[in-house]
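Numbered according to numbering that gives the first Met the number 0, the sequence shown spans residues 0 to 331.
Below: one structure, written as structure tokens.
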Amino acid sequence: MGNPPPHNTTEGNNTIGIEVADSGTRLTAKHAASGTIHHRRLAAPPSPDEAIAALNDLLAEVIRDDAAAHPQPESLGVAVWGDVDPTRGVTRGMPHTEGWDNFPLAERLASRWQIPVFLSPAVAAAGLAEAISGAGQRHRVALYIHSGRTIASALIDEGVIFAGASGRAGKLAHWVVSPDGPRCACGQSGHLDPIASAQSIVRATIGLASGSDESTAAMLRVSGGRAEAMTVRQVVQLAEEGDPSARTVLERAWDALAVALVNLVAALDPDVIILGGPPAEAGDGFCQPLRDRLAILCGSWRPTPDLLSGTLGQRAALMGACLLPSHQRRHR
Ligand SMILES: [Zn+2]
């Protein structure tokens with residue numbers, strides 16, 4: 000545990016934060032001063048122009064509803080669950096839809112609303128919120144690991160996101176943990192994603208359990224008869240009850256994650272590692288075995304950083320969006 004960091008720990012009150020999720024079909028916004036959440040749902044992944052139209056509509060609603068009680072926003076923070084270059088304020092890609100490569104999202108919103116716009120990968124925004132207001136409070140350098148459909152990370156150094164040269168820092172999905180491991184969606188073998196992402200953990204458990212009547216029955220029991228909707232927390236529950244399929248899958252995932260983490264610790268020297276996404280919902284049931292492995296791999300040459308579950312849950316990215324203007328350099 001380090002000394003309290005010197006950074007500002009409040010959301011910018013004159014900021015509106017926006018989260019763009021589910022390939023652009025789910026837009027969420029809140030004025031940091033009011034905390035009221037506003038939503039838009041789109042029927043299909045939008046083109047960039049369709050997304051801009053929906054975002055402008057949503058922003059108009061937030062400003063109109065909050066106008067009486069709260070100041071006009073002086074900045075926007077936008078967290079995108081897609082591929083973005085925060086230093087240039089552009090998107091590079093959005094899953095399941097076309098036209099997002101090199102799209103000037105920040106500039107388009109800035110020219111419409113005449114205020115500065117700060118763009119960030121949602122994982123980095125979520126990590127920023129956890130570092131400032133969640134599990135990472137009182138730590139200086141936080142390494143945030145988000146595991147869901149894929150695994151990505153963000154490094155928050157004294158309240159500032161490390162963006163890298165092109166915004167591609169932290170693509171842990173393709174971190175090599177064992178060259179002869181299973182094939183990744185990218186086509187290469189041995190990457191972290193197919194072994195340890197939340198989605199891979201659930202899928203691998205379903206696959207392995209289907210070979211055993213006992214495991215299948217246990218899986219259906221914990222998931223309420225819907226194995227395809229099983230969560231990492233339920234896989235952890237199965238393992239704790241002694242199910243060998245869940246145990247095997249989780250041990251592979253913990254081993255692979257621990258190898259990736261010990262190398263990241265050597266390179267980046269964080270004093271806390273924060274897990275976000277579905278594994279965090281499993282709490283110490285997921286964290287403690289990973290903590291034990293990390294301590295063994297760190298050995299005696301350095302103290303093992305704290306390894307904690309995130310405390311902000313699904314609110315983290317939107318909270319982080321509100322913090323971007325006060326904690327991120329403006330795009331150029
Ligand atoms: Zn890969």
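Glycine included, each C-beta is placed from N, C-alpha and C at the ideal position.
Query, Result
"Output yes or no for whether 8 Å exceeds the beta carbon distance between Pro-115 and Ala-109.", "yes"
"Between Leu-41 and chain E, is any beta-carbon pair separated by less than 8 Å?", "The chain labelled as chain E is not found in the depicted structure, where only one protein chain is given."
"Taking Pro-277 as the reference, which of Gly-180, Ala-66, Gln-198, Arg-87 has the closest Cα?", "Gln-198"
"Closer than 7 Å between the C-beta and any heavy atom of ligand 1: which residues qualify, listed along the chain?", "Ala-172, His-173, Cys-183, Ala-184, Cys-185, Gln-187, His-190, Asp-192"
"Are the beta-carbon atoms belonging to Ala-78 and Ala-245 less than 8 Å from one another?", "no"
"If you run the structure through DSSP and keep just helix, strand and coil, what is Ile-114?", "coil"
"Where are the beta strand (DSSP E) runs, 3 residues long or more, that stay fully inside the region 85-111, in chain order?", "89-92"
"Whose C-beta lies closer than 6 Å to the C-beta of Pro-288 among residues of the same chain, with five residues either side of it excluded?", "Trp-253"
"Measure the Cβ-Cβ separation of Tyr-143 and Ser-132 and say whether it is below 8 Å.", "no"
"Could you spell out the range, first to last residue, of the alpha helix (DSSP H) harbouring Glu-60?", "47-65"
"Can you name the residues that DSSP bridges to Pro-120?", "Val-79"
"Between which two residues does the beta strand (DSSP E) holding Ser-199 run?", "No beta strand (DSSP E) contains Ser-199, which is instead part of the alpha helix (DSSP H) from 197-208."
"Per DSSP, His-30 is paired with what?", "Ile-15"
"Between Ala-184, Leu-26, Glu-73, Ala-134, which lies nearest to Arg-148 when the distance is taken from Cα to Cα?", "Ala-184"
"Taking the alpha-carbon of Met-93 as reference, which of Phe-102, Pro-85, Thr-86, Arg-87 has the nearest alpha-carbon?", "Phe-102"
"Let me make sure I understand the geometry here. Which of Pro-193, Trp-300, Glu-239 has the alpha-carbon closest to that of Gly-282?", "Glu-239"
"Looking only at its chain, what residues have a beta carbon closer than 8 Å to the beta carbon of Thr-247, apart from the 5 residues adjacent to it on each side?", "Leu-207"
"Assuming Ala-53 and Leu-26 are in contact, meaning their beta carbons sit under 8 Å apart, how far apart are those beta carbons, in whole angstroms?", "6 Å"
"In whole angstroms, what separates the C-alpha of Asp-192 from that of Thr-86?", "26 Å"
"Counting C-beta neighbours from all protein chains within 10 Å, is the total for His-145 16 or more, i.e. buried, or is it exposed?", "buried"
"Cα separation between Thr-8 and Ala-320?", "Residue confidence is low: Thr-8 scores 46 on pLDDT, short of 50, so the model does not pin down where it sits. No coordinate-derived value is stated."
"What is the residue span of the beta strand (DSSP E) that Val-271 lies within?", "271-275"
"What are the boundary residues of the beta strand (DSSP E) that Ala-141 is part of?", "140-146"
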